[in-house]
Amino acid sequence: MEILKRTCRYERMNVQRIFARGFVIGGGGVWIIAALGSPYGIRTVSVLTSAVNSVALLALTVAVFVLGLFYEQLTGVLLLAGAVAASLYGLATGWEPGVWVTMTAVLIGPMLVAGALFSLAARMQDVCEHQETGRAREPAAPASGV
-10 MEILKRTCRY
0 ERMNVQRIFA
10 RGFVIGGGGV
20 WIIAALGSPY
30 GIRTVSVLTS
40 AVNSVALLAL
50 TVAVFVLGLF
60 YEQLTGVLLL
70 AGAVAASLYG
80 LATGWEPGVW
90 VTMTAVLIGP
100 MLVAGALFSL
110 AARMQDVCEH
120 QETGRAREPA
130 APASGV
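Its first residue numbered -10, the sequence shown is counted upward by one per residue in the numbering used here.
This is the structure:
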């Protein structure tokens, strides 16, 4: 069946990569803004603590972004595992419904989407490589003569 045939689609793979990386960058930006704004909402957090938290989140975001450039499948698995870990942490600490909605919107959901997109892009890359090497392995025409 042609519908189930694995075909290489570079444009789809590139869109998946762009959106996955965009989710990582956007998610990191949201958490950096949240960490920088925490002294204004939580009076027990100092500006220095907020700045240190922001730098740590920036470093983590850059690390995930760079890892995603080279190891898409690993990045996808790590992001999916992070979303599961955040959900388990929420269950263990007893988040209220409002916290669940917020965390799902700004952390768990984007991590799931980015992880799935990284995994899909890695799979499409494997399909493309398989098709390219499959063509190279075709037998050459027999030599005529001798």
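Ideal placement from N, C-alpha and C gives every residue a C-beta, glycine not left out.
Helix, strand or coil at residue i [DSSP, three-state]
i, result
"Glu0", "helix"
"Thr33", "coil"
"Gly87", "helix"
"Arg6", "helix"
"Arg(-5)", "coil"
Start-to-end residues for the alpha helix (DSSP H) that takes in residue i
i, result
"Thr50", "36 to 59"
Classification of residue i by the beta-carbon crowding that lies within 10 angstroms, buried from 16 upward
i, result
"Ala136", "Residue 136 falls outside the range modelled here, since the chain spans only -10 to 135, and no answer is possible."
"Glu0", "exposed"
"Ala111", "buried"
"Tyr29", "exposed"
"Leu58", "exposed"
Exercise. Is the number of C-beta pairs between the stretch 3 to 22 and the stretch 91 to 110 that are closer than 8 Å three or more?
Worked result: Taking a cut-off of 8 Å for Cβ pairs, the stretch 3 to 22 and the stretch 91 to 110 touch, as three or more such pairs fall below it.
Problem set entry | Segment contact, 8 Å Cβ cut-off, at least three pairs: the stretch 50 to 68 with the stretch 103 to 123 | Yes: the two stretches touch, three or more of their Cβ pairs being nearer than 8 Å.
Problem set entry | Given 8 Å, three or more beta-carbon pairs between the stretch 38 to 58 and the stretch 11 to 22 | A contact is defined here as three or more CB-CB pairs under 8 Å, and the stretch 38 to 58 meets this definition with respect to the stretch 11 to 22.
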